[in-house]
Each structure stands twice: as structure tokens, then as C-alpha cells.
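S.K.:
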Amino acid sequence: MVSPASDPVANFRSIAKRFDRRWFWLLPLLAGAVLIAPKIISKPAAETSAPVEVLPVQTQILDPASEYQVERTYTGEITARRSSELGFEQAGTLVKVLVEEGDTVAAGDPIARLDTRSLQTQRQQLEAQRRQALARAQELQRGPRQEDIAAAAAAVQDLQAQVDLARLQQQRRENLYAQGAISQEERDEKAFNASALENRLSQAQSQLDELKAGTRVEQVNAQDAEVDQIDASLSSVDVSLSKSTIYAPFDGRVSQRLIDEGTVVGAGQAVVRLVEGEALEARIGVPANQADAIAPGSPQTVEVNGQFFSATVTALLPELDETSQTVTVVLALPAEAQPTIGATARLILQDQQSETGYWLPTTALVAGDRGLWSAYVLTEPEEPAADGHRVARREVEVLYTEGDRAFVRGLLQPGEEVVTSGTHRIVPGQLVQNQN
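Here the sequence shown stands for residues 387 to 822, where the numbers follow this note's numbering.
#1: Starting from I616 and walking both ways along the beta strand (DSSP E), at which residues does that stretch end?
#2: Using a threshold of 8 Å, state whether the C-beta atoms of Y454 and Y786 are closer than that.
#3: From G683 to L480, what distance separates their C-alpha atoms?
#4: Less than 8 Å between the beta carbons of L472 and D534, yes or no?
#5: Please state if the CB of G671 and the CB of S710 are separated by a distance shorter than 8 Å.
#6: Beta-carbon within less than 7 Å of L500's beta-carbon, same chain only, minus the 5 sequence neighbours each way: which residues are those?
#7: From the DSSP output, in three-state form, read off E783 for me.
#8: Output needed for I734: all residues of its chain with C-beta closer than 7 Å, excluding positions within five of it in sequence on either side, in chain order.
#9: Note the first and the last residue of the continuous beta strand (DSSP E) segment covering R458.
#10: Which of the three DSSP states is assigned to N820 in this structure?
#11: Please classify A552 as buried or exposed, where buried requires at least 16 other C-beta atoms within 10 Å of its C-beta.
#12: Is F578 buried or exposed, if buried means 16 or more other CB atoms sit within 10 Å of its CB?
#13: My understanding is that A590 touches A537, with C-beta atoms under 8 Å, so please give their C-beta distance in whole angstroms.
#14: With DSSP as the reference, identify every bridge partner of A656, one or two as the case may be.
#15: Quick one: Cα of A634 to Cα of G654, how far?
#16: Let me make sure I understand the geometry here. Which of I447, Q819, S469 and P814 has the alpha-carbon closest to that of D637?
#17: Look up A493 in the DSSP assignment and say whether it is helix, strand or coil.
#18: Comparing the CB of R522 with every heavy atom of the ligand FAD, is any distance shorter than 7 Å?
#19: Please tell me whether R825 and V661 are closer than 8 Å, where the distance is taken between their beta carbons.
#20: Note the first and the last residue of the continuous beta strand (DSSP E) segment covering E560.
#21: Out of L545, R573, T461 and V542, state which residue places its alpha-carbon closest to the alpha-carbon of Q557.
#22: In whole angstroms, what separates the C-alpha of D755 from that of T712?
#23: In whole angstroms, give me the CA-to-CA distance for L620 and A665.
#24: Kindly identify the DSSP beta-bridge partner or partners of H775.
#25: With which residues is A668 paired in a DSSP beta bridge?
#26: Measuring CB to CB, does V777 end up less than 8 Å from L764?
#27: Alpha carbon to alpha carbon, how far is E667 from D489?
#28: Taking only the alpha-carbon atoms, compute the straight-line gap between G801 and Q736 and give it to the nearest angstrom.
#29: Between the alpha carbons of R384 and G494, how many angstroms are there, rounded?
#30: Classify A580 as helix, strand or coil using the three-state DSSP reduction.
#31: Going by DSSP in three states, S684 sits in which element: helix, strand or coil?
#32: List the DSSP bridge partners of T445.
#33: Can you find the residues in the same chain that come closer than 6 Å, C-beta to C-beta, to V443, ignoring five residues on each side of it along the sequence?
#34: Rounded to whole angstroms, what's the CA-CA distance from A492 to V485? Just pull it up for me.
#35: So, for Q816: in the same chain, excluding its five sequence neighbours on each side, which residues have a beta-carbon less than 6 Å away from its beta-carbon?
#36: Would a C-beta distance cut-off of 8 Å place S760 and R732 closer than the cut-off?
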């Protein structure tokens with residue numbers, strides 16, 4: 387007898403019976419799959435693809451402009467309207483400096499002094515000479531006294547008597563000489579004495595006549611001139627005394643003290659530096675082509691240390707700065723502006739540029755190759771009922787930027803809508819939806 391395990395036919399039949407019972411329920415599913423497979427395969431590919439993404443964006447309608455203003459800034463410094471390095475007009479020893487650095491002084495206040503002892507002595511001598519000359523002038527103006535006239539007349543009479551006696555003696559000597567009683571020397575001696583007395587008499591008579599006639603005008607004038615000369619010398623000394631003190635020429639502040647007491651200073655040597663503290667101005671270099679548009683008296687905006695002031699143009703210097711080749715514009719700051727002297731000042735000018743273009747926010751600009759820029763504009767919808775727009779790329783040139791906007795020109799048309807947000811997610815042909 388053969389066992390079932392050793393009979394192959396019996397084994398196959400047993401396996402077939404088990405398969406039929408286990409997989410019989412799958413037969414209807416397999417049949418259904420065979421029937422619907424052709425329909426699935428025959429559907430269009432579009433029905434199986436993912437839906438197209440429509441990006442929401444913000445836009446701006448292009449409005450052309452025929453010009454734009456460029457803000458230009460030029461740099462200079464704050465200066466005092468007046469500043470001076472003060473010194474003496476004459477040499478001398480500095481004995482006193484009356485101010486310190488930072489002190490405020492008013493016009494006319496003394497600042498420093500020289501030693502004036504020698505000048506004071508010279509003045510005293512001149513005063514004594516003046517008193518003497520003035521007394522002589524007064525005497526001449528009053529004329530001679532009667533006592534002087536009487537004394538002069540007495541002197542003339544005395545000399546006349548002496549002359550008469552001398553002539554008589556001379557005559558006697560002539561007779562004696564003719565008789566040979568005396569020598570020629572004795573005769574000549576008496577003749578000489580008579581002649582000398584006659585000269586003295588003539589001089590005394592002239593003095594008497596002068597006294598009787600009174601003082602001559604020329605003498606009075608000469609003495610007056612001597613008094614005037616002494617007065618001029620006194621005035622010169624007084625000028626030297628006044629120049630021995632430095633006085634403030636204007637209201638201001640002492641910015642530097644350059645020399646101390648005890649120094650022998652030369653004429654013109656600076657002792658202190660004084661700057662006018664109230665009236666400040668800005669001196670700013672501007673290119674010549676820009677300076678032509680600046681009129682004296684016009685208001686301009688000046689920025690100093692973050693503060694903005696309305697300054698007034700007081701002058702445009704006629705010569706170009708040799709270093710910068712610019713025109714120096716001088717602007718007076720308002721009284722309330724008190725920046726530090728030497729601080730940096732900036733002049734802000736608006737330069738009008740005539741150019742047709744469009745103002746766009748910088749978010750609308752897309753960087754391109756080789757430094758070029760572009761913007762995206764909306765095109766007309768493909769279908770009237772479509773919810774979105776395709777975007778097209780337009781090349782633009784950036785002419786000027788101001789804060790968060792730029793002035794551009796390029797292949798843009800008035801009335802077009804430019805995408806202003808989300809440009810980093812957009813490519814040409816992208817479908818977008820305007821969210822304005």
C-alpha cells in the first residue's frame with residue numbers, strides 16, 4: 387500500500403484544493419481591474435498634473451515724470467565772522483595779560499599791557515619844555531616892559547658919552563702925532579677905541595629902537611611854533627602809551643593766549659587770538675557750475691552735527707580755491723545757532739534734472755546681469771474671466787535713488803502696472819494676482 391506522502395498526484399490535488407478555497411475571492415477584483423485600466427490610461431495628462439500656483443502681489447500704476455531733484459551735499463566748516471590775532475604795534479616788555487583762554491570780552495576791553503616807564507619819563511620831560519616855551523611865547527606876546535626900555539635908553543646915553551670922549555681924545559692924539567710928540571701906535575690905539583665905542587652905541591641904539599617898537603610878529607610866530615612842536619611830541623608819546631595796551635576790537639571770546647608776562651615782544655607779534663562768538667558763518671566749497679545757481683541773499687539749508695539750520699548766503703568769493711578748485715560760498719547762520727567753531731558744515735542743494743522717467747519703489751527693482759536692472763509689469767489676462775495676469779520683464783536704467791524709491795527710465799509705458807512686492811519669487815511668464 388502506497389502512503390499519501392509518497393504519491394505525487396495526490397499531493398498536487400491536495401494543494402489545488404487549498405488554493406481554490408484561499409484565492410477564489412480575488413477573482414472578481416482582478417476582473418474589475420482589467421476592465422477599468424484602459425479608461426485610466428486614456429485620460430489626458432493635464433487632468434493628472436498639479437494645479438498652477440497664482441502668486442499674490444502688490445502693484446503700482448506707472449505715472450511718468452518729466453524731471454526729478456537730486457540732493458547734493460557739499461562740505462565746509464563753521465568759522466567766526468571775524469577773528470584776529472592781536473599784538474602790539476611797537477616792541478616792548480609784556481607786563482600784564484588781562485584775559486585767559488575762553489574769556490568773553492566786549493569791544494574796548496583791555497587785554498594786555500607793555501612796560502611804559504620810559505615813555506612816562508619822556509612825557510614828563512616834554513611837559514617841562516612846553517611850560518618853558520609857553521612862558522617865553524606869552525612874554526613875547528605882551529611886549530617889552532617899560533623898565534627894559536628905560537634901561538636900554540640909559541645904556542645908549544652912557545655909550546654916547548663915551549663915544550664923544552673917545553672922539554675928543556682921538557683928535558688930540560692926531561695933533562700930537564702931527565707934532566711928533568707920540569708914536570703912531572698910540573695914535574692908532576685911540577682911533578680903535580673910538581671906533582669900538584661907536585659900534586657898541588649903534589647896537590645899543592638898535593636894541594632900544596626894537597624895544598620901543600615892540601615884539602615882531604615873526605618872533606611871536608616862531609615861539610608859537612616851538613610850543614606846537616613840543617605839543618606834537620607829547621601827542622606822539624601819548625599815542626605810544628595808548629599802543630602799549632591792547633584793546634578788544636569787537637565782542638568775542640579769547641580762543642588762544644600765545645605769550646606770557648615777562649616776554650619781550652616785537653611789533654606785530656601775536657599775543658592772543660580773539661574770535662567773534664555771536665555771529666557765526668559757514669564757508670563751504672561748491673563746484674563752479676553749481677555756484678552759478680546760488681544767489682546772494684538766498685536761504686539755504688546747512689547741517690551741522692545732525693542739526694539743520696536755515697542759513698542766508700552772504701557772499702560768493704570771486705576766486706576759486708587753489709586746492710579744491712571750488713567756489714567758496716559764505717553763509718550766515720541764525721543767531722540761535724551756536725555750533726563749535728571749526729565744526730564740519732554741510733550745504734544741502736537741490737539740483738533739478740530734466741529727464742522723463744518713473745518713480746518706483748526699490749522693492750520693484752530686480753538685479754540683472756552686468757549691473758543692469760529690470761522690473762516686472764502685468765500683461766493683459768489670457769481670458770476675460772481669468773483671475774490672474776502673466777508678468778513680463780522690462781529692462782530699466784536707474785538714474786537716481788532717494789531713500790526707498792528710485793527714478794528709472796526704460797521700456798516702460800505710462801499706465802502699466804509694475805509689481806512692487808514679492809519680485810524675488812517671480813520669473814517672466816509667472817501668473818500673479820493683483821492684491822491692490
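The beta-carbon is built from N, C-alpha and C at its ideal position, and this holds for glycine as well.
Fair warning: this is a prediction, and the values are worked out from it, not measured in the lab.
M.R.: Well, looking at it:
#1: First-last for I616: V603 to S628, but that is the alpha helix (DSSP H), not the beta strand (DSSP E).
#2: Cβ distance < 8 Å, so Y454 and Y786 count as in contact.
#3: In this structure, the straight-line span from the alpha carbon of G683 to that of L480 is close to 45 Å.
#4: The answer is no: Cβ separation not under 8 Å.
#5: Yes; because the gap between Cβ atoms is below 8 Å, this pair is in contact.
#6: Hits under 7 Å: F474, G478, T479, L480, V481 and S630.
#7: Strand at E783.
#8: Cβ-Cβ distances below 7 Å link I734 to E457, T459, T687 and E689 in the same chain, with the five nearest sequence neighbours on each side left out; the list follows chain order.
#9: In this chain, the beta strand (DSSP E) harbouring R458 covers P450 to A466.
#10: N820: strand per DSSP, three-state reduction.
#11: The residue in question, A552, is buried, as its Cβ has 16 or more Cβ neighbours within 10 Å.
#12: Per the 10 Å Cβ criterion, exposed.
#13: Actually they do not touch by this definition, with Cβ atoms about 10 Å apart.
#14: Beta-bridge pairing links A656 to G473.
#15: Cα-Cα distance, rounded: 15 Å.
#16: It is S469 whose Cα lies nearest to the Cα of D637.
#17: Secondary structure at A493: coil, using DSSP grouped into helix, strand and coil.
#18: Looking at this structure, you won't find the ligand FAD or any other ligand, since it has none at all.
#19: Given a span of 387 to 822 for the chain in the structure shown, any question on residue 825 remains unanswerable.
#20: Residue range Q532 to Q565 is occupied by the alpha helix (DSSP H) that includes E560, with no beta strand (DSSP E) assigned at that position.
#21: Of the listed residues, the one whose Cα sits closest to Q557 is R573.
#22: Approximately 38 Å between the Cα atoms of the pair.
#23: Pairing L620 with A665, the inter-Cα distance amounts to about 40 Å.
#24: V818.
#25: I464 and L717, per the DSSP bridge assignment.
#26: A Cβ-Cβ contact shorter than 8 Å links V777 with L764.
#27: Answer to the nearest angstrom: the Cα atoms are 21 Å apart.
#28: Approximately 28 Å between the Cα atoms of the pair.
#29: Since the displayed the chain opens at 387 and closes at 822, residue 384 lies outside it and no answer follows.
#30: A580: helix per DSSP, three-state reduction.
#31: The DSSP-derived three-state label of S684 is coil.
#32: The partner list for T445 (beta bridge, DSSP) reads V805.
#33: Within the same chain, V443 has close Cβ partners V805, S807, G808 and V818.
#34: For A492 and V485, the distance between alpha carbons rounds to 12 Å.
#35: Within its own chain, the residues whose Cβ lies closer than 6 Å to the Cβ of Q816, once the five positions on either side in sequence are excluded, are V777, listed in chain order.
#36: Cβ distance not < 8 Å, so S760 and R732 don't count as in contact.
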